[in-house]
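Chains as they are written, first to last, in the working numbering: chain A, 389 to 687; chain B, 257 to 742.
Cβ atoms here follow ideal geometry from the backbone N, Cα and C, with glycine treated the same way.
Inspection log for the structure reproduced underneath, given as structure tokens.
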Amino acid sequence: MNYRAQIRMLPDKRRLHMHDGPIDVIVEAFGEVSEIALAYRAVAARFVEVLDELCGELEFLRRPACEDGHIPSGAIARRMLAAVRPYASQTFITPMAAVAGAVAEELLEAMISTTSLSRAYVNDGGDIAFHLQPRKMFVVGMVERPDRASLFGTTTIKFGDPMRGIATSGWRGRSFSLGIADAVTVLADTAAMADAAATVVANAVDLPGHPRVGRIPACELAPDSDLGKRLVTQSVGVLAPNEVRNALVAGVRVAESLCSSGLIRAAALSLQGETRVIGAEGCSQLVDIPVLDRSLIHA
Amino acid sequence: MADDAIRCDACPVLCYIKPGRTGSCDRYANADGQLVRIDPHVVLERAVSRGDTVVAFLEKSREWDGALVSGEETFVTAIGAGTTYPDYKPAPFIISSEVAGVDMVTVVTEGIFSYCGVKLKIDTDRHLGAECSTVRAQGEAVGHVTTNEYGSQMLSLGGVRHLTGGSRHEGTATCDTLLNLCNGKAVELIIENGATIIAQANKAPIVDGVQEERMRVGCGSATIGMFAKQWFGKVDEVVVVDDHITGVLSEHQAGKLLGVPESGIAMKGRRSTPGRYFRVAEPGTSWGGTNIVDPLSILGPFDREVARPGLRLLMVSTTGEHYAYFELDDTLYPVEKELPAALRESVARIRENCEPALCTALFMGGAGGSLRAGVTENPVKLTHSVRDALTRVTCGGAPVYVWPGGGITIMADVSRMPENAFGYVPTPALVAPIEFTLKLSDYATLGGYMDHVRPLSSINRDEEGRRRLAARPDNPWPLASEKSEK
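Here it is, written out as structure tokens:
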């Protein structure tokens, strides 16, 4: 048992909030009251192991994913590696690109494997894994700028849809990005897949060498970053409309190829107020309906 | 590679954190080589301010004893009361604390204020721009010039029309400007057809690249009025040099009343009323906000019919920073002499009476809407309770002025709040801490969420890493009863 982790019910008495080091998740289960209680107990029991488990293999997880045959021992680490492996031959990527999604997936698994829930989700800092029983659905809000907690659109995911994971990446988020997207939100079959893909697509939304994009080697900001000396985006000045378009086109191209290979199902790319939506069913999946900001109460 | 990074041991990630940066959790930071906990909930501790108000994480001499929060000596502010996640319940903390036998309740929340702004007071005698002129930041209109107060120019920044009534860029620039000012950071403000100002709360304003030092004691004419009696008999003529109104003792009403005889002085500039002159020189950064270096340059030749050799003349600026003493020679030309001891005191007195020039920022916001519903099921009762002074409102522990009339419209000095007390949402609007403190019995009466009230002692036990700050000695203790405050 670790004594760092904080686990509590939120004041709404519905959601469970769990925090440990850099991991902060909100969990909600739906169904019979007794099943929810069991599920929360199970997810809390798994949660307290997560950070130590990951840190035990942190060195490996921070190295570029490659086909050297090494299989990490932790279940979450294996999910991370599996999610980033499809990209390893074409681009620099470490398993850390999928850490949040993989944690969400693992925690969801801990909840639903022993209980019967109609719906459940694990939201790990915006990367979400969810579970649906037949005829159930989720409405998911999308955040354009992770540093600002408001929603710019919603999407509905039904039982029959293949997606069970959603993730968002962008330079304003907590993790470093090589690109300039304010946010790239990806729907994929699993949360770890969505997480890895969101990172890759957000990196692709870029204007290399643009003078109004401030970039700093990642290691200068965080000496132990898995990105090493790679330049990470720290500021993006106001861009001309054609520049915004060009950057988005570069991202859309990558997203479309991922979509055609089944790595993702849909994506919404957002840069300075412009949004592009892709995906086979994407146009119906990701609708840009502004919803009220419910994150804070209004004075 | 030599750097000052430190190893954070708050969790097994063991981040290596550079100065000024946070670890991967965004919660622990390297502040000048010290590991500190940042964003979280700020707990104001009523203790003697120790200079460094951020308490280091797990400071060895203050090992966790399970009782860091000890009753009424601690007050929980709203800063960080919200989580960073887009879904949480309003008023996340409703805390009780026993004060003098009476259970007090503090409802702690962070509210979104789109009806909000900053009233900025800039201590300067310089002309910053005409009243009603637009004030711009980042190229966008963020406010306007309002009244000229004594020794200061007021700017009104923000407000709902700039935040949400204009273009997206206007709103963003306004929100940014307000956020920076409220969080004690410097902003550049450009007044239409006027000056460019670098403003920062509780710092000297920088106007067109020149930092203001002191406020003048008054205009030149006012200075004559204030000091005429102290000069009388010790000197025959005094000129107080001022870019606005230069005063001349012998011609001024104050001098006339004392019976100061004419001196034969001849001032340049335009005479307004007796002893008061406009535009003796161009504006500048020298004597009394003018461009003059040699004070004699604003005098013409003395009147040969009136002046006499040996006449004693003091020239001084409105801040006392510049002064010179002259006596007329036989040709009636002023010759500089050492300032006599008898006059030295009056010059020093002018200087003493000049306060440091500052920019001061009051946050102004209205909590009339649903924020109140996070406190009570019957929102208007909260308004009434505040109005009846049963409920005390504070912002990050700082006292607020509650405007009379309807709603809960407050003003608070941002410099009395803890650092980085403000946040924002992309509405755009500011997120400000706000606390309501009242008796538990009154809280029940106004329909408070009694089942959410937690004892103060539970705050530290439930979650690690509250940010504990020493209370500012100049802020009244939020839980103190009115009577115990002197």
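Roughly how many angstroms lie between the CA atoms of residue 634 (chain B) and residue 701 (chain B), to the nearest whole one?
For the purposes of this step, residue 634 (chain B) is taken as residue 378 along the second sequence, with counting starting at 1. For the purposes of this step, residue 701 (chain B) is taken as residue 445 along the second sequence, with counting starting at 1. Computed Cα separation, rounded: 10 Å.
Pick helix, strand or coil for residue 471 (chain B), following the three-state DSSP scheme.
Start at 1 with the first residue of the second sequence, and residue 471 (chain B) comes out as number 215. It is coil, neither helix nor strand.
Which runs of the alpha helix (DSSP H), 4 residues or longer, sit entirely within the segment 444–525 of chain B?
476–487 and 509–514
Output yes or no for whether 9 Å exceeds the beta carbon distance between residue 462 (chain A) and residue 447 (chain A).
The residue labelled residue 462 (chain A) in the question sits at position 74 within the first sequence. The residue labelled residue 447 (chain A) in the question sits at position 59 within the first sequence. No; because the gap between Cβ atoms is not below 9 Å, this pair is not in contact.
What does a CB cutoff of less than 6 Å around residue 405 (chain A) pick up in its chain, not counting 5 residues either side in sequence?
Here residue 405 (chain A) refers to the residue found at position 17 when the first sequence is read from its first residue. Once the five neighbours on either side are set aside, the close Cβ partners of residue 405 (chain A) are 396, 398 and 414.
Taking 9 Å as the threshold (beta carbon to beta carbon), is residue 406 (chain B) in contact with chain A?
Within the second sequence, numbered from 1, the residue matching residue 406 (chain B) stands at position 150. No, no contact with chain A.
Over what stretch of residues does the beta strand (DSSP E) that includes residue 412 (chain B) continue unbroken?
Residue 412 (chain B) sits at position 156 when you count from the first residue of the second sequence. Segment 408–414, the beta strand (DSSP E) holding residue 412 (chain B).
Can you have a look at residue 523 (chain A) and say buried or exposed, based on whether 16 or more other CB atoms are within 10 angstroms of its CB?
Here residue 523 (chain A) refers to the residue found at position 135 when the first sequence is read from its first residue. Residue 523 (chain A) is exposed by the Cβ-count criterion.
Is residue 608 (chain A) close to chain B, meaning its C-beta is less than 9 Å from at least one C-beta of that chain?
As a first step, residue 608 (chain A) is located in the first sequence; it is residue number 220 there, counting from the start. Residue contact with chain B for residue 608 (chain A): present (Cβ-Cβ distance below 9 Å to some residue of chain B).
List the residues that DSSP assigns as beta-bridge partners of residue 566 (chain A).
Here residue 566 (chain A) refers to the residue found at position 178 of the first sequence. The partner list for residue 566 (chain A) (beta bridge, DSSP) is empty, contrary to what the question assumes.
By the criterion of Cβ-Cβ separation under 8 Å, what are the contact partners of residue 660 (chain B) in chain A?
Numbered from its first residue, the second sequence carries residue 660 (chain B) at position 404. Result: empty, since nearest Cβ-Cβ is about 18 Å, beyond 8 Å.
Could you give the distance in angstroms between the alpha-carbon of residue 499 (chain A) and the alpha-carbon of residue 409 (chain A)?
If you number the first sequence from 1, residue 499 (chain A) lands on position 111. If you number the first sequence from 1, residue 409 (chain A) lands on position 21. Cα to Cα, residue 499 (chain A) sits roughly 21 Å from residue 409 (chain A).
On a CA-only basis, which of B:553, B:389, B:614 and B:650 is nearest residue 673 (chain B)? Give me that one, please.
As a first step, residue 673 (chain B) must be located in the second sequence, where it is residue number 417. Residue B:650 is the option with its Cα nearest to residue 673 (chain B).
Could you tell me the alpha carbon to alpha carbon distance between residue 493 (chain A) and residue 517 (chain A), rounded to whole angstroms?
Counting from 1 along the first sequence, the entry for residue 493 (chain A) is found at position 105. Counting from 1 along the first sequence, the entry for residue 517 (chain A) is found at position 129. For residue 493 (chain A) and residue 517 (chain A), the distance between alpha carbons rounds to 5 Å.
Consult DSSP for residue 557 (chain A) and reduce its assignment to one of helix, strand or coil.
Taking the first sequence and counting its residues from 1, one reaches residue 557 (chain A) at position 169. Of the three classes helix, strand and coil, the one that applies to residue 557 (chain A) here is strand, per DSSP.
Can you tell which of B:445, B:433 and B:395 has the C-alpha that lies nearest to the C-alpha of residue 401 (chain B)?
On the second sequence, residue 401 (chain B) is found 145 positions in, with the first residue counted as 1. It is B:445.
Have a look at residue 428 (chain B) and residue 443 (chain B) and give me their C-alpha separation to the nearest angstrom.
Along the second sequence, read from residue 1 onward, the residue named residue 428 (chain B) stands at position 172. Along the second sequence, read from residue 1 onward, the residue named residue 443 (chain B) stands at position 187. Going from the Cα of residue 428 (chain B) to the Cα of residue 443 (chain B) covers about 14 Å.
Taking the alpha carbon of residue 376 (chain B) as the reference point, which residue from B:454, B:488, B:424 and B:364 has its own alpha carbon closest?
By one-based count along the second sequence, residue 376 (chain B) stands at place 120. Nearest in C-alpha terms to residue 376 (chain B), of all of B:454, B:488, B:424 and B:364, is B:454.
Which two residues bound the contiguous alpha helix (DSSP H) that contains residue 443 (chain A)?
Taking the first sequence and counting its residues from 1, one reaches residue 443 (chain A) at position 55. Its alpha helix (DSSP H) spans residues 421–443.
With a threshold of 9 Å between beta-carbons, can residue 439 (chain A) be considered close to chain B, or not?
Taking the first sequence and counting its residues from 1, one reaches residue 439 (chain A) at position 51. For residue 439 (chain A), the answer is yes, since a Cβ of chain B falls inside 9 Å of its Cβ.
Look up residue 659 (chain A) in the DSSP assignment and say whether it is helix, strand or coil.
Stepping through the first sequence from its first residue, residue 659 (chain A) is reached at position 271. Residue 659 (chain A) falls in the strand class under three-state DSSP.
Considering residue 637 (chain B), what are the terminal residues of the alpha helix (DSSP H) in which it resides?
Taking the second sequence and counting its residues from 1, the one referred to as residue 637 (chain B) is at position 381. Taken as a continuous stretch (DSSP letters only), the alpha helix (DSSP H) holding residue 637 (chain B) covers 635–643.
Three or more beta-carbon pairs under 8 Å between the segment 655–671 of chain B and the segment 401–414 of chain B, yes or no?
no
Please report the residue range of the beta strand (DSSP E) in which residue 632 (chain A) lies.
As a working mapping, residue 632 (chain A) is identified with position 244 in the first sequence. Looking at the DSSP string, residue 632 (chain A) is not in any beta strand (DSSP E); the run it does join, the alpha helix (DSSP H), is 629–648.
Quick check on the DSSP output: the alpha helix (DSSP H) that includes residue 427 (chain B) runs from which residue to which?
The sequence position of residue 427 (chain B) within the second sequence is 171, counting from 1. 424–438 is the span of the alpha helix (DSSP H), which, as asked, contains residue 427 (chain B).
Is residue 489 (chain A) helix, strand or coil when you go by DSSP?
Taking the first sequence and counting its residues from 1, the one referred to as residue 489 (chain A) is at position 101. When DSSP states are grouped into helix, strand and coil, residue 489 (chain A) belongs to the helix group.
Between the beta-carbon of residue 639 (chain A) and the beta-carbon of residue 584 (chain A), is there less than 9 Å?
To locate residue 639 (chain A), count along the first sequence from 1; it is residue 251. To locate residue 584 (chain A), count along the first sequence from 1; it is residue 196. Against a cut-off of 9 Å, the Cβ pair of residue 584 (chain A) and residue 639 (chain A) comes out as no contact.
Run through DSSP, which three-state label would residue 604 (chain A) get?
Counting from one through the first sequence, the residue named residue 604 (chain A) turns up at place 216. Residue state, collapsed to three classes: strand.
Give a yes or no on whether the minimum CB-CB distance between residue 266 (chain B) and chain A is below 9 Å.
As a working mapping, residue 266 (chain B) is identified with position 10 in the second sequence. Yes, residue 266 (chain B) counts as interfacial toward chain A.
Could you tell me whether the Cβ of residue 281 (chain B) comes closer than 9 Å to any Cβ of chain A?
For the purposes of this step, residue 281 (chain B) is taken as residue 25 along the second sequence, with counting starting at 1. Output row for residue 281 (chain B): interface = yes.
In chain A, what lies closer than 8 Å to residue 657 (chain B) by C-beta?
For the purposes of this step, residue 657 (chain B) is taken as residue 401 along the second sequence, with counting starting at 1. The premise fails here: residue 657 (chain B) is roughly 16 Å from chain A at the closest Cβ pair, so nothing lies under 8 Å.
How big is the Cα-Cα spacing for residue 452 (chain B) and residue 479 (chain B)?
Numbered from its first residue, the second sequence carries residue 452 (chain B) at position 196. Numbered from its first residue, the second sequence carries residue 479 (chain B) at position 223. Rounded to whole angstroms, residue 452 (chain B) to residue 479 (chain B) spans 29 Å at the Cα level.
Would you say residue 637 (chain B) faces chain A, with C-beta separation under 9 Å as the test?
Stepping through the second sequence from its first residue, residue 637 (chain B) is reached at position 381. Cβ-Cβ to chain A under 9 Å: no for residue 637 (chain B).
Determine contact between the segment 502–519 of chain A and the segment 473–493 of chain A, defined as no fewer than three beta-carbon pairs at a distance below 8 Å.
yes
Counting Cβ pairs closer than 8 Å, one from the segment 593–610 of chain B and one from the segment 505–514 of chain B, do we hit at least three?
Fewer than three Cβ pairs drawn from the segment 593–610 of chain B and the segment 505–514 of chain B lie within less than 8 Å of each other, which leaves the two stretches out of contact.
When you compare the CB of residue 404 (chain A) with every CB in chain B, is at least one pair closer than 9 Å?
Residue numbering aside, residue 404 (chain A) sits at position 16 when the first sequence is read from its first letter. Answer no: the Cβ-Cβ gap between residue 404 (chain A) and chain B never drops below 9 Å.
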